[in-house]
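Peer 1:
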Amino acid sequence: MIDEETVRYVSNLAKIELKDDEVENYKNEFGKILEFFDQLDEIDPDVEPTYHVIPLKNVFRKDVPGKSLDRDEALKNARHREEGYFKGPRVVE
Amino acid sequence: MITVGEWKERLENEKAYDLVSELIDRIRKSKLNAYITVTEDQALKLAEDFDNGKKEGKLAGIPIAVKDNISTEGVRTTCASKMLENYIPPFDAHVVEKLKKEGAIIIGKTNMDEFGMGTTTENSHFGVVRNPHDTGRVAGGSSGGSAAAIAGKETVLALGTDTGGSIRCPASFTGVYGLKPTYGLVSRYGLVAYANSLEQIGPMAGSIDDLGLLLEVIAGRDDRDSTNAGRGFTYSPVSKKFRVGIIEEMQANAEVKEHFNSFVETLRKFADVETVSLPSLKYALPAYYIIAMSEASSNLARYDGVRYGFSLENLDSWSRYFSKVRAEGFGTEVKRRIMMGSYALSAGYYGKYYLKALKVRTLVIEDFRRAFEKFDVLISPTMPSTAFRIGEIADPVTMYMADVNTTPINLAGLPALSMPIGESNGLPVGLQVIGNYFEENTVLGFAKAVERNEV
Chain A
1 MIDEETVRYV SNLAKIELKD DEVENYKNEF GKILEFFDQL DEIDPDVEPT YHVIPLKNVF
61 RKDVPGKSLD RDEALKNARH REEGYFKGPR VVE
Chain B
1 MITVGEWKER LENEKAYDLV SELIDRIRKS KLNAYITVTE DQALKLAEDF DNGKKEGKLA
61 GIPIAVKDNI STEGVRTTCA SKMLENYIPP FDAHVVEKLK KEGAIIIGKT NMDEFGMGTT
121 TENSHFGVVR NPHDTGRVAG GSSGGSAAAI AGKETVLALG TDTGGSIRCP ASFTGVYGLK
181 PTYGLVSRYG LVAYANSLEQ IGPMAGSIDD LGLLLEVIAG RDDRDSTNAG RGFTYSPVSK
241 KFRVGIIEEM QANAEVKEHF NSFVETLRKF ADVETVSLPS LKYALPAYYI IAMSEASSNL
301 ARYDGVRYGF SLENLDSWSR YFSKVRAEGF GTEVKRRIMM GSYALSAGYY GKYYLKALKV
361 RTLVIEDFRR AFEKFDVLIS PTMPSTAFRI GEIADPVTMY MADVNTTPIN LAGLPALSMP
421 IGESNGLPVG LQVIGNYFEE NTVLGFAKAV ERNEV
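Keeping their order, the protein sequence lines are chains A and B.
Counting from 1, one number per residue, gives the positions in the first sequence under the UniProt record's numbering.
Counting from 1, one number per residue, gives the positions in the second sequence under the UniProt record's numbering.
1. Starting from the N-terminal side, write out each stretch of the beta strand (DSSP E) that is 3 residues or longer and does not extend beyond the stretch 121-184 of chain B.
2. According to DSSP, which residues form a beta bridge with A:Gln-39?
3. Can you pull the chain B neighbours of A:Lys-32, defined as C-beta to C-beta under 7 Å?
4. Which runs of the beta strand (DSSP E) at least 3 residues long sit entirely within the stretch 334-360 of chain B? Give them in chain order.
5. Check whether the stretch 116-129 of chain B and the stretch 392-404 of chain B touch, using three or more Cβ-Cβ pairs below 8 Å as the test.
6. Spell out whether any CB of chain B is found under 7 Å from the CB atom of A:Val-64.
7. If the cut-off is 9 Å on Cβ atoms, which residues from the stretch 254-288 of chain B count as contacting chain A, listed in chain order?
8. Just the chain B side, please: which residues come within less than 9 Å of A:Asn-28 by C-beta, in chain order?
9. At what residues does the alpha helix (DSSP H) containing B:Asp-272 begin and finish?
10. Pull up the distance between the alpha-carbon of B:Asn-86 and that of B:Asn-314, whole angstroms please.
11. Where in the stretch 389-449 of chain B do unbroken runs of the alpha helix (DSSP H), each at least 4 residues long, occur, reported from the N-terminal end onward?
12. Please decide whether A:Glu-4 counts as near chain B, where near means a Cβ-Cβ distance under 7 Å.
13. Whole-angstrom Cβ separation of B:Leu-157 and B:Ile-201, contact assumed at under 8 Å?
14. Are B:Arg-188 and B:Thr-227 touching if we call contact CB-CB under 7 Å?
15. Does DSSP put B:Val-38 in a helix, in a strand, or in coil?
16. At which residues does the beta strand (DSSP E) containing B:Pro-203 begin and terminate?
17. Could you pull out every residue in the same chain whose Cβ sits closer than 7 Å to the Cβ of B:Met-1, ignoring the five residues on either side in sequence?
18. According to DSSP, is B:Lys-67 helix, strand or coil?
19. For B:Asp-316, decide whether its Cβ has a neighbour in chain A, counting only Cβ atoms nearer than 7 Å.
20. Are the CB atoms of B:Val-128 and B:Ile-390 within a distance shorter than 7 Å?
21. So with Cβ pairs under 7 Å, would you call A:Lys-67 a contact of chain B?
22. Name the chain A residues whose beta carbon is nearer than 7 Å to that of B:Ile-290?
23. Kindly list, in the order they appear in chain B, the residues whose Cβ is closer than 8 Å to that of residue 132 of chain A.
24. Are the CB atoms of B:His-94 and B:Gly-190 within a distance shorter than 7 Å?
25. What residue from B:Ser-21, B:Leu-23, B:Tyr-17, B:Gln-42 has the CA that sits closest to B:Tyr-48's CA?
26. Using DSSP with H/G/I as helix, E/B as strand and the rest coil, what is B:Ser-380?
27. Does A:Glu-24 have its Cβ less than 7 Å from a Cβ in chain B?
28. By Cβ distance below 7 Å, which residues in the same chain neighbour A:Met-1 in space, the five residues on each side in sequence not counted?
29. Indicate the three-state DSSP secondary structure (helix, strand or coil) for B:Lys-303 in the structure shown.
30. On a CA-only basis, which of B:Ile-24, B:Lys-448, B:Arg-452, B:Leu-427 is nearest B:Thr-135? Give me that one, please.
31. Around the Cβ of A:Lys-15, are there at least 16 other Cβ atoms within 10 angstroms (buried) or fewer (exposed)?
32. Grouping DSSP H, G and I as helix and E and B as strand, with all else coil, what is B:Ala-219?
33. Identify every residue that forms a DSSP beta bridge with B:Gly-331.
34. Of all the options B:Ser-342, B:Lys-58, B:Asn-52, which has the alpha carbon lying nearest to the alpha carbon of B:Gly-289?
35. Compare the Cα-Cα distances from B:Glu-295 to each of B:Ile-338, B:Gly-413, B:Glu-102 and report the closest residue.
36. Spell out the partners DSSP gives A:Glu-82 in its beta bridges.
Next up, the structure:
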């Protein structure tokens, strides 16, 4: 079963702040979802995992400058801007 | 439903401008809530261009609705989320470039489950989409808006996206046609990512031929998408005596089963039909959800409230700001999936969940490979039931179970469509037709054969 501490640990990993009542709800739901996932405990397939169903290969373009977004376009959806840059939150407290 | 043929017939005697105006008027008055944004000015301008002989192409003068997780330059693309409520992409998705090149008239962006996460389009920041057959019921999800728009005659064509059944489920619930193409056939460039290894953009329409036409337009090589197979598609439906496998493990309630079985009886008159067992499908549904949630937790990490999307007035420390933005910007189902995905990928659980799910995917692919050695197409009911009442299913796991017949196809990356095969108590029942890799013309050809025999 999932306890409150685990829900808070996961919400911290996912960077989603939860209110106390949300923690309680998710605790019950996570338990049920993990029970659903645990059906896979019935088998232990001795096969290679498939990450992608079609073979992928890197696509390279010629090393020549192409069209890219100009600064105004790149910044237009951002709320916090300063001197032509995105302004983000402090990383070091 | 309005087919492309019917629309073209009307275009011979009437102005595209008037027809598009009529369509927009119907959308404005509609109670279905199929659209998040109606691009009225742009659509009328394009209709005028068509009337003036300035637009040519395979879709010239044809209205199309685009699901709101596909980027449209200058037109907001919300993914039905508060997180992207005001986001205006500075570029078009590959498929939108192609639509424009072929003269299509984009009339709006359709409602959906937030970021494609859902089976009913109840998880939308912009409200639930209603089923045209019974407005007290859901239209299915996550491409519920696109399906309802076709069924409600609010567009001719539509684009949807399908990660675990999101085109086929609403097609089934609303009685329209929807095709999930082979993984890699259609470029994902400009599709707002939810689960990279599973999702595909696909056509939704009022007839088989219209699905084929739209797929022909959107398929093709795109070097900007590393998951693109680099292949094109020409619509040429296969005609033959089909060898058909009914997948034993696929599920349905009594009502749908009865309808499906009577369809099979008629089918036997013109096709070789046998049942086939794919034992790995027992584990496909949990494996699908583990992979989808894991990929979602990684993909949705980009919503940090800095470069675009929902943001807060005051910048705090990075960790607190990031956590608060996401707490407020995402809805309940999205948070649930991101957190479960983070858990499945976390230290100690990767092997138990994620890696195991990827191995189940190998088993599923092997089972399908064996089945296609014997059969041209495999069939099942698309959904185990007809459309739910709005609010009928509250428990997430019960909701996930509804995807049992559609998710295995995404795990394997195969093409599959849903087409209507009549109604049960006034609600449409969908048939799922699955083909081998890049065998879209076999799938579409079989679907046409079904139609011709009026099954």
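Think of the CB as a built atom: it goes at the ideal place given N, C-alpha and C, for glycine as much as any other residue.
Peer 2: Answer, in terms of the structure:
1. 134-138, 157-162, 177-180
2. Taking the first residue of the first sequence as 1, we reach residue 39 of chain A at position 39. Per DSSP, A:Gln-39 has no beta-bridge partner at all.
3. For the purposes of this step, residue 32 of chain A is identified with residue 32 of the first sequence, where counting begins at 1. Those are Val-397, listed as they occur along chain B.
4. Runs found: none.
5. yes
6. As a position in the first sequence, residue 64 of chain A is number 64, starting the count at 1. Answer no: the Cβ-Cβ gap between A:Val-64 and chain B never drops below 7 Å.
7. The stretch 254-288 of chain B vs chain A, Cβ under 9 Å: Ser-280, Lys-282, Tyr-283, Leu-285, Pro-286, Ala-287.
8. What you label residue 28 of chain A is simply residue 28 of the first sequence in a count that begins at 1. Correct list: empty, because the minimum Cβ distance to chain B is about 10 Å.
9. The residue labelled residue 272 of chain B in the question sits at position 272 within the second sequence. Per DSSP, B:Asp-272 belongs to no alpha helix (DSSP H); it is in the beta strand (DSSP E), 272-276.
10. Residue 86 of chain B sits at position 86 when you count from the first residue of the second sequence. Residue 314 of chain B sits at position 314 when you count from the first residue of the second sequence. Cα-Cα distance, rounded: 18 Å.
11. For the stretch 389-449 of chain B, whole alpha helix (DSSP H) runs of length 4 or above, ordered along the chain, are 396-401, 407-412.
12. As a working note, residue 4 of chain A is residue 4 in the first sequence. For A:Glu-4, no CB of chain B lies under 7 Å from its own CB, so it is not counted at the interface with that chain.
13. If you number the second sequence from 1, residue 157 of chain B lands on position 157. If you number the second sequence from 1, residue 201 of chain B lands on position 201. In fact, because the Cβ distance is near 13 Å, the residues do not count as touching under 8 Å.
14. Along the second sequence, read from residue 1 onward, the residue named residue 188 of chain B stands at position 188. Along the second sequence, read from residue 1 onward, the residue named residue 227 of chain B stands at position 227. For B:Arg-188 and B:Thr-227, yes; Cβs fall inside 7 Å.
15. Within the second sequence, residue 38 of chain B is the residue found at index 38, counting from 1. Correct three-state label for B:Val-38: strand.
16. Here the question's residue 203 of chain B lines up with position 203 in the second sequence. For B:Pro-203, the enclosing beta strand (DSSP E) starts and ends at 200-205.
17. Indexing the second sequence from 1 puts residue 1 of chain B at position 1. Ile-150, Ala-151, Lys-153, Val-176, Gly-206, listed in sequence order.
18. Taking the second sequence and counting its residues from 1, one reaches residue 67 of chain B at position 67. In the structure shown, B:Lys-67 sits in a strand (DSSP, three-state: E or B).
19. For the purposes of this step, residue 316 of chain B is taken as the residue at position 316 of the second sequence. By this cut-off, B:Asp-316 is an interface position.
20. For this step, residue 390 of chain B is matched to residue 390 along the second sequence. For this step, residue 128 of chain B is matched to residue 128 along the second sequence. For B:Ile-390 and B:Val-128, yes; Cβs fall inside 7 Å.
21. Counted from its first residue, the first sequence places residue 67 of chain A at position 67. A:Lys-67 does not count as touching chain B.
22. Here residue 290 of chain B is taken as the residue at index 290 of the second sequence, counted from 1. Near B:Ile-290 (Cβ distances below 7 Å), the residues of chain A are Phe-37.
23. For residue 132 of chain A there is no data in the structure shown, the boundaries of chain A being 1 and 93.
24. Here the question's residue 190 of chain B lines up with position 190 in the second sequence. Here the question's residue 94 of chain B lines up with position 94 in the second sequence. Yes; because the gap between Cβ atoms is below 7 Å, this pair is in contact.
25. Within the second sequence, the letter at position 48 stands for residue 48 of chain B. Per the sequence presented here, residue 48 of chain B reads as Glu, with Tyr not at that position. Checking every option, the nearest Cα to that of B:Glu-48 belongs to B:Tyr-17.
26. As a first step, residue 380 of chain B must be located in the second sequence, where it is residue number 380. For B:Ser-380, the secondary structure class from DSSP, reduced to helix, strand or coil, is strand.
27. Walking along the first sequence from the start, residue 24 of chain A turns up at place 24. Among the CB atoms of chain B, none fall inside 7 Å of the CB of A:Glu-24.
28. What you label residue 1 of chain A is simply residue 1 of the first sequence in a count that begins at 1. Cβ neighbours of A:Met-1 beyond the five flanking positions: Gly-31.
29. Against the second sequence, residue 303 of chain B aligns to sequence position 303. The sequence as given places Tyr at residue 303 of chain B; Lys does not occur at that position. Coil.
30. For this step, residue 135 of chain B is matched to residue 135 along the second sequence. Of the listed residues, the one whose Cα sits closest to B:Thr-135 is B:Leu-427.
31. Sequence index remark: in the first sequence, residue 15 of chain A carries index 15 (1-based). So A:Lys-15 counts as buried.
32. Residue mapping note: residue 219 of chain B aligns to position 219 of the second sequence, counting from 1. It is a strand residue.
33. Within the second sequence, the letter at position 331 stands for residue 331 of chain B. Answer is none; B:Gly-331 lacks a bridge partner.
34. Along the second sequence, read from residue 1 onward, the residue named residue 289 of chain B stands at position 289. One detail in the question is off: residue 289 of chain B reads as Tyr in this sequence, not Gly. When each option's Cα is compared against that of B:Tyr-289, the closest is B:Ser-342.
35. Walking along the second sequence from the start, residue 295 of chain B turns up at place 295. With distances taken between Cα atoms, B:Glu-295 lies closest to B:Ile-338.
36. On the first sequence, residue 82 of chain A is found 82 positions in, with the first residue counted as 1. A:Tyr-85.
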